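Colleague:
2 protein chains.
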Amino acid sequence: MTVPVSSLEVGRARSSTPRPANLALVLRTVCTADTLPSRADVAAATGMTRATAARLADDLVAGGLLDEVEATPSGRRGRPATPLAPGSRVVALGLQADAGLLAGRVLDLRGRVVGERVEPGDLRGSDPAATLARLGDLAADLLGGLPDGTRVAGAGLALPGIVDGGTGVLLRAPNLGWSDVSPADLLAPRLPGGLDPVPGNEADLAARTVAETAPGRPGPHRDFVYLSGQIGIGGATVLDGRVMCGSSGWAGEMGHVCVDPDGPACRCGSTGCLEQYAGRDALLAAAGLPRGTPPGELARRAAGGDPPACAAVAGAARALGIALAGVLNVLDVPVVVLGGHLGELAGLLRPALEEHLGRRVLSARWRRPRVEAAPGAPAAGATGAALRALADVVDDPARWLDAH
Amino acid sequence: MTVPVSSLEVGRARSSTPRPANLALVLRTVCTADTLPSRADVAAATGMTRATAARLADDLVAGGLLDEVEATPSGRRGRPATPLAPGSRVVALGLQADAGLLAGRVLDLRGRVVGERVEPGDLRGSDPAATLARLGDLAADLLGGLPDGTRVAGAGLALPGIVDGGTGVLLRAPNLGWSDVSPADLLAPRLPGGLDPVPGNEADLAARTVAETAPGRPGPHRDFVYLSGQIGIGGATVLDGRVMCGSSGWAGEMGHVCVDPDGPACRCGSTGCLEQYAGRDALLAAAGLPRGTPPGELARRAAGGDPPACAAVAGAARALGIALAGVLNVLDVPVVVLGGHLGELAGLLRPALEEHLGRRVLSARWRRPRVEAAPGAPAAGATGAALRALADVVDDPARWLDAH
DNA sequence: CCAATTTTGTTTCAGGCTAGAACATAATGC
DNA sequence: GCATTATGTTCTAGCCTGAAACAAAATTGG
């Protein structure tokens, strides 16, 4: 052979028949639809013939990826349609280990929460092996409580740190005090049926819950920046509906964008990082509150007009404005979604932050950047981890059908 | 129908047969290969059978999208292979209107320059209609000089400003002093055969020349930030090999990332923008040189140790370090490519800039960010515009075959 | 209550495309 | 000159979709 294979590798998947792509198209169409579509609706939406759409839907129903739902009398004439819904017995497990909690959540293909466990607790400086063992037991318990016939399509694990995409190793998680942990090895033995949770960054996965509200269903924004205020400030960028994880998982280190080169020194070695102004501890210190105060208390004081609290919020808004304006200028993203402690402060931050962005973002004259609060579900990372696992099924249902 | 069609629209193209996708796969494989592959090489690389690869290749050869090249004696035994190459008679036209020049360039599917015209001239404050008429004549002249049998697949136009992706209207181009111009209307009448150049941002298109060195052939980096120093500083982000143009074409306003909130006022209304430190005029002023000095002169002086020139370069490196560190932290991109006047200074900027980035980018301890100079071809935007047009052909050759 | 109408879902058949195997072609090596 | 080896072509079976005919189950109207 003249040409080495490596030089010819072309990224795309190839399939000799159109069927896998069309199965995915049918499933995605059902997942995306606002109301439960019939086979005929799917045919109309995709441009296939009714025969083809029906055949593909039949296969998906047989494999459990679609459910035929009881028809509700529509009042229109003609044979009543059989509504299709994403299969309720195909689920995925999302796990999360954070400085403040352990969580597990099971979602089905419709995006409904089928099972849930949240265990608050201070895990800073905890032993990775012991903590992950507890999480594994929690997961096993959660899976054991699922109704018979449920099939677990996959699992994910949200971690507050840098995860190497290739090896799945948690390189470092400052809030937990962990480094170089391989969570798969510690978790898998505790889980039934060879389930192997794929680790991912908590902010990336939380951003996914905004990018898609249910498996295959796009959320309210195609392009946005997600900011997750935990102890530090993580973040993620969503472009074209895809969460950008960076070429090695380091994306979203929003907390260390430089706000002021002459500002206070940061533990990262740089100066004037965003975290020094809008991180949880920095905010509390500026407001004159002790370290462990819940962010809700800060929000209450600032809303009540307490001067140091208001000053802290104003300072955070200014710093966020400077840091985010840079990102918004570079990426042309119209929306910022605030999660974590920043989400709790969103109502107070929004006016000043939108004003800062309006001044510093070049395109603001045409389209003013908007600031929103993330829907405040606890342990959003667990939900995102489950969604990511289910996305694998939605993207290639043929593989799932062949395997079962 | 229960479900409104709009709610069911799923972005993907659907085709009832695998052929269009496989045609694209074969063409892309040939474009990507380091050496000219035979039909058998294509089969091996794609996983198709030789029969299938050969049939698809035959169709592409018949349509002019692939050429059969004279076999060079390989010395190996067996029937000699017929090498395949991207079709040399399918070309695209790239145009560029900039503050300092008008340019047109014709590229073939192999990425070779088939024709070229560059007309330097000061176009600041020029009349859009007159200037685009000149560009149209230049283009018509260029196309007229092409060898017989050449087929023009499309055209693009690089402009130094904000282009609305939907309408193709140039909203504003500060360096030209243009706003709300519709270049397609002014150009198309001068061009043969209903050719309608698609306008795009100059920095985005210049970044494309780094992202792909020839149609369908990935460049040296999958993920990088491109900085284009013209009069201001434009830029573009390439993620996963795709140039991110933003949800409304405003992406890449790198020049107005805030370096220092207490810095000098910028004409954009903000303060301490990168442009105030590393823009062409700011650099020349800091070096004590008059406004019109070519950047090469600054580079010579700084290389020679002239103190004000060195200070100017050092200041620019610091400002670039602060601004880029933010972007690199957020997007986890390992490479910065410098073009335009920053490219000419790349050698001088690199050491200080890499040092700044090493300190401010969180992932630097694992992977140090690298700074490179863009290959310094003049009017890179024109090349990028032609590449973009050719990418349409490479992405869906079936459409091209059907239409001819 | 029954027939016409309408819409959904199924069955059947033809056609396009790929995989696999056999075959033809054109070189090297002994 | 003949075996060997690799490329390219031809032929057939099988998978999948599109089109059209058909079956099923509701409403409408007398």
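Going down the list, the sequences are from chains A and B.
Using our numbering, you'd call the opening residue of the first sequence number 1 and step up by one each time.
Using our numbering, you'd call the opening residue of the second sequence number 1001 and step up by one each time.
From the three backbone atoms N, C-alpha and C, an ideal C-beta is built for every residue, glycine too.
Quick caveat: nothing in here was measured; it's all calculated off a predicted structure.
#1: To which residues of the same chain is A/Arg14 closer than 6 Å at the C-beta, ignoring the five residues directly before and after it?
#2: Would you kindly check if the distance between the Cβ of A/Leu284 and the Cβ of A/Ala317 is under 8 Å?
#3: Assign A/His404 to one of two classes, buried (16 or more other C-beta atoms within 10 Å of its C-beta) or exposed (fewer than that).
#4: So within the segment 33-78 of chain A, which uninterrupted alpha helix (DSSP H) runs reach at least 4 residues, ignoring any that extend past its ends?
#5: Is it the case that the segment 390-401 of chain A contacts the segment 207-220 of chain A, given that we only count it when at least three CB pairs across the two stretches are under 8 Å?
#6: Quick one: is A/Ala211 buried, meaning 16 or more other Cβ sit within 10 Å of its Cβ, or exposed?
#7: Mapping the DSSP letters down to three states, classify B/Gly1087 as helix, strand or coil.
#8: Provide the residue(s) that pair with B/Val1198 in DSSP beta bridges, ordered along the chain.
#9: Is the CB of B/Ala1323 under 8 Å away from at least one CB in chain A?
#10: Would you mind telling me which residues of chain A sit closer than 8 Å to B/Val1257, beta carbon to beta carbon, in chain order?
#11: Once the 5 residues before and after B/Ser1006 are set aside, which same chain residues still bring their CB inside 7 Å of it?
#12: Is it buried or exposed, B/Thr1167, if we count other Cβ atoms within 10 angstroms and call 16 or more buried?
#13: Which residues does DSSP list as the beta-bridge partners of B/Tyr1226?
#14: Does the segment 327-347 of chain A come into contact with the segment 364-371 of chain A, if we say contact requires no fewer than three beta-carbon pairs (one atom in each stretch) closer than 8 Å?
#15: From which residue to which residue does the alpha helix (DSSP H) around A/Gly384 run?
#16: Please confirm if A/Ser179 has its CB atom under 8 Å from at least one CB of chain B.
#17: Which same chain residues, not among the five before or five after B/Arg1350, have their C-beta less than 7 Å away from its C-beta?
#18: By DSSP, does B/Cys1310 sit in helix, in strand, or in coil?
#19: Under 8 Å between beta-carbons, which chain B residues line up against A/Arg359? List them in chain order, please.
#20: If you follow the alpha helix (DSSP H) that B/Pro1351 is part of, which residue opens it and which one closes it?
#21: What is the rounded straight-line gap between the Cα of B/Pro1375 and the Cα of B/Thr1237?
#22: When we look at the beta-carbon of A/Asp122 and count the other beta-carbons within 10 Å, is it buried (16 or more) or exposed?
#23: Please report the residue range of the alpha helix (DSSP H) in which B/Ala1474 lies.
#24: For B/Asp1260, count neighbouring C-beta atoms within 10 Å of its own C-beta (all shown protein chains included) and say buried if the count is 16 or more, exposed if not.
#25: Along chain B, in chain order, which residues have C-beta atoms closer than 8 Å to that of A/Leu362?
#26: Out of curiosity, what's the CA-to-CA distance linking A/Pro307 and A/Leu171?
#27: Nearest to A/Leu405 by CA position, among A/Arg28, A/Ala45 and A/Ala81, is which residue?
#28: Confirm, please, whether the CB-CB distance from A/Val333 to A/Val225 is below 8 Å.
#29: Which residues mark the beginning and the end of the alpha helix (DSSP H) in which A/Gly296 is found?
#30: Starting from A/Arg117 and walking both ways along the alpha helix (DSSP H), at which residues does that stretch end?
#31: For B/Ser1182, collect the residues of the same chain with a Cβ closer than 6 Å to its Cβ; drop the 5 residues on either side in sequence, then sort them by chain order.
#32: Quick one: what does DSSP say A/Ala398 is sitting in, helix, strand or coil?
#33: Which residue marks the beginning of the alpha helix (DSSP H) containing A/Arg280, and which one marks its end?
#34: Say whether chain B places a C-beta atom closer than 8 Å to the C-beta of A/Val118.
#35: Taking 8 Å as the CB-CB cut-off, is A/Val333 touching chain B?
#36: Using a beta-carbon distance cut-off of less than 7 Å, what residues from the segment 35-50 of chain A approach chain B?
Modeller: Concretely, from the data shown:
#1: If we look at A/Arg14 and ignore the five residues flanking it on each side, it has no Cβ neighbours.
#2: Cβ distance not < 8 Å, so A/Ala317 and A/Leu284 don't count as in contact.
#3: With fewer than 16 Cβ atoms within 10 Å of its Cβ, A/His404 is classed as exposed.
#4: With a minimum length of 4 residues, the continuous alpha helix (DSSP H) runs that stay inside the segment 33-78 of chain A are 39-46 and 50-62.
#5: Judged by Cβ distances under 8 Å, the segment 207-220 of chain A makes contact with the segment 390-401 of chain A, as three or more pairs qualify.
#6: Under the 10 Å beta carbon count, A/Ala211 is surrounded by 16 or more other beta carbons and is classified as buried.
#7: Coil, per DSSP.
#8: B/Gly1156.
#9: B/Ala1323 counts as touching chain A.
#10: Within 8 Å Cβ-Cβ: Ala325, Gly326, Asn329 and Val330.
#11: Note that B/Ser1006 has pLDDT 40, beneath the 50 cutoff, so the model's placement of it is unreliable and the number below is only indicative. Nothing listed; no residue qualifies.
#12: B/Thr1167 should be labelled exposed.
#13: Per DSSP, B/Ala1236 and B/Val1337.
#14: Verdict: yes, contact present.
#15: Looking at the DSSP string, the run of the alpha helix (DSSP H) that includes A/Gly384 is Ala380 to Asp395.
#16: The C-beta of A/Ser179 comes no closer than 8 Å to any C-beta of chain B.
#17: Leaving aside the five residues that flank B/Arg1350 on each side, the residues in its chain whose CB is nearer than 7 Å to its CB run, in chain order, Val1371.
#18: In the structure shown, B/Cys1310 sits in a helix (DSSP, three-state: H, G or I).
#19: The CB of A/Arg359 comes closer than 8 Å to the CB of Gly1269 and Ser1270 in chain B, given here in chain order.
#20: Run containing B/Pro1351: Ala1346 to Arg1360, per the alpha helix (DSSP H) assignment.
#21: If you take the alpha carbons of B/Pro1375 and B/Thr1237, they lie about 17 Å apart.
#22: The residue in question, A/Asp122, is exposed, as its Cβ has fewer than 16 Cβ neighbours within 10 Å.
#23: There is simply no residue 1474 of chain B to check, as chain B begins at 1001 and stops at 1404 in what is shown.
#24: The residue is buried, with at least 16 neighbouring Cβ atoms inside 10 Å.
#25: When 8 Å is used as the limit between beta carbons, A/Leu362 is near these residues of chain B: Trp1250, Glu1253, His1256 and Cys1268, in chain order.
#26: Rounded to the nearest angstrom, the two C-alpha atoms are 41 Å apart.
#27: What is shown of chain A runs 1 to 404, which leaves residue 405 of chain A out entirely.
#28: Cβ distance < 8 Å, so A/Val225 and A/Val333 count as in contact.
#29: Bounds of the alpha helix (DSSP H) holding A/Gly296 are Pro295 to Gly304.
#30: Not the alpha helix (DSSP H): A/Arg117 falls in the beta strand (DSSP E), residues Val113 to Pro120.
#31: Setting aside the 5 residues that flank it on each side, B/Ser1182 is surrounded in the same chain by Val1169, each with a C-beta closer than 6 Å to its C-beta; the list follows chain order.
#32: Helix.
#33: Unbroken alpha helix (DSSP H) run through A/Arg280: Arg280 to Ala286.
#34: Closer than 8 Å: no.
#35: Taking Cβ atoms only, chain B reaches closer than 8 Å to A/Val333, which makes this a yes.
#36: Sequence-ordered contacts of the segment 35-50 of chain A with chain B read Thr35, Pro37, Ser38, Asp41, Ala44, Ala45, Thr46 and Gly47 [C-beta pairs closer than 7 Å].
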